[in-house]
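Here the protein sequences line up with chains W and Y, keeping their order.
Under our numbering, the first residue of the first sequence carries the number 5, and numbering increases by one thereafter.
Under our numbering, the first residue of the second sequence carries the number 23, and numbering increases by one thereafter.
Just so it is clear, CB atoms sit at the ideal spot from N, CA and C, and this is done for glycine as well.
Bear in mind that the values here come from a model prediction, so they are computed numbers and not experimental data.
Single-structure report; data block below.
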Amino acid sequence: MPNPKIVFHTQEKRLFRINKPVICNRKDAWLGKGYYFWAEEIYAHQWGNTSKRNTGSYEIYCASINCENILDTVFNEAHYNFWREQIEMAANEIFRISGRIPSRIAVNKYLSKISAWNDVSGISFQDIPQGHGLITDFYYRKRIRFVIFNLSILINFYFHKEERCL
Amino acid sequence: MLDLNNLAEKVKLSLKNETKESLLKFLEEEEIQDNECPDSFGSLSNIYSSNIKLTFNSFAKYKNGDKLKSPFNLQNINPVQNKNNYQLAA
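Rendered as structure tokens:
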């Protein structure tokens, strides 16, 4: 993974532009509370058209992030295996000890509350894969996202473009 | 550089120190916070992203900088059938 890496952040268009990314608290955020980015601009547009429609337009911001302590679960096999094992170990142990099946949010929060986990500045991960309009049933495109847990690895953040929702 | 072995040890140690009571308390607190967390996006969060199709021509124009043509054809969005297919949020 290049370091630093440029990533994309989509928000609804509002009266004022933002000068830092907006933290996501939504309960359906896959990896919990954090600042979310797309690795490719095309998915930042897609996100604007599907989930940032409230004001009729959306804005895309670029950021450079320092990837030194990012867990790269998309391209780094060791990182992926480590991440998968930690999730499964935590889920198994929580179930074994408590008798309850933890939610996705609970597992992510459990890992993030372990102090050593503070070393992990963020995670790159693969969303539901995507296909191409001319090829049926072939979802070969990785939709890669980044979640970062604090802004200390953000090198810069700047407005890129705005578009009207389709 | 992340020290994965050290991290894995810390996760193991943390889990080893848990009791049934401590984990139940953690899970219950988590449920309360989850229920308090608003999801203002409603059914949009259930859109299954694989149903959003890119067309080759529009994508090519988009890549060539033609801003007048949208790279997306959103006509094929269907509500998700399987509720376990969560849409990512940010």
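Checklist entry - Along chain W, which residues have their Cβ under 9 angstroms away from the Cβ of Asn28/Y? => result Ala120, Asp123
Next on the checklist: Which residue marks the beginning of the beta strand (DSSP E) containing Lys37/W, and which one marks its end?
Outcome noted: Lys37/W -> no beta strand (DSSP E), and no H or E assigned at all.
Checklist entry - Taking C-beta to C-beta, are Met5/W and Leu37/Y nearer than 8 angstroms? => result no
Next on the checklist: Need the endpoints of the beta strand (DSSP E) that Ser9/W sits in, please.
Outcome noted: The sequence given here has Lys at residue 9/W, not Ser. It spans 9–16 - the beta strand (DSSP E) in which Lys9/W sits, taken as one unbroken run.
Next on the checklist: I'd like to know if Gln90/W contacts chain Y, where contact means its C-beta is closer than 8 angstroms to some C-beta of that chain.
Outcome noted: yes
Item to check | Beta-carbon proximity check, Gly36/W vs Asn96/W, cutoff 8 angstroms | outcome: no
Next on the checklist: Between the alpha carbons of Tyr65/W and Ile27/W, how many angstroms are there, rounded?
Outcome noted: 14 angstroms
Checklist entry - Going by other Cβ atoms of all chains shown within 10 Å of its Cβ, with 16 needed for buried, is Lys56/W buried or exposed? => result buried
Checklist entry - Helix or strand or just coil, what does DSSP make of Lys42/Y? => result helix
Checklist entry - Taking just the CA atoms, how far does Ile10/W sit from Cys43/W? => result At residue 43/W the sequence reads Ala, which differs from the Cys that was named. Each residue's alpha carbon lies about 7 angstroms from the other.
Next on the checklist: What residue range does the beta strand (DSSP E) around Leu75/W cover?
Outcome noted: 74–76
Checklist entry - Just checking, does the stretch 154–167 of chain W make contact with the stretch 58–75 of chain W on the three C-beta pairs under 8 angstroms criterion? => result yes
Item to check | Counterpart residues of Cys66/W in DSSP-defined beta bridges | outcome: Phe12/W, Tyr162/W
Checklist entry - What whole-angstrom Cβ distance do Arg88/W and Leu49/Y have, given they're in contact under 8 angstroms? => result Not really, about 22 angstroms apart at Cβ, beyond 8 angstroms.
Item to check | Whole-Å CB distance - Asp76/W paired with Leu29/Y, under 8 angstroms assumed | outcome: Actually they do not touch by this definition, with Cβ atoms about 14 angstroms apart.
Next on the checklist: On the criterion of 16 or more Cβ atoms from any shown chain inside 10 Å, does Lys31/W qualify as buried, or is it exposed?
Outcome noted: buried
Next on the checklist: Taking its Cβ as the centre, do 16 or more other Cβ atoms sit within 10 Å of Asp25/Y, making it buried, or is it exposed?
Outcome noted: exposed
Item to check | Start and end residues, beta strand (DSSP E) containing Phe20/W | outcome: Phe20/W -> no beta strand (DSSP E), and no H or E assigned at all.
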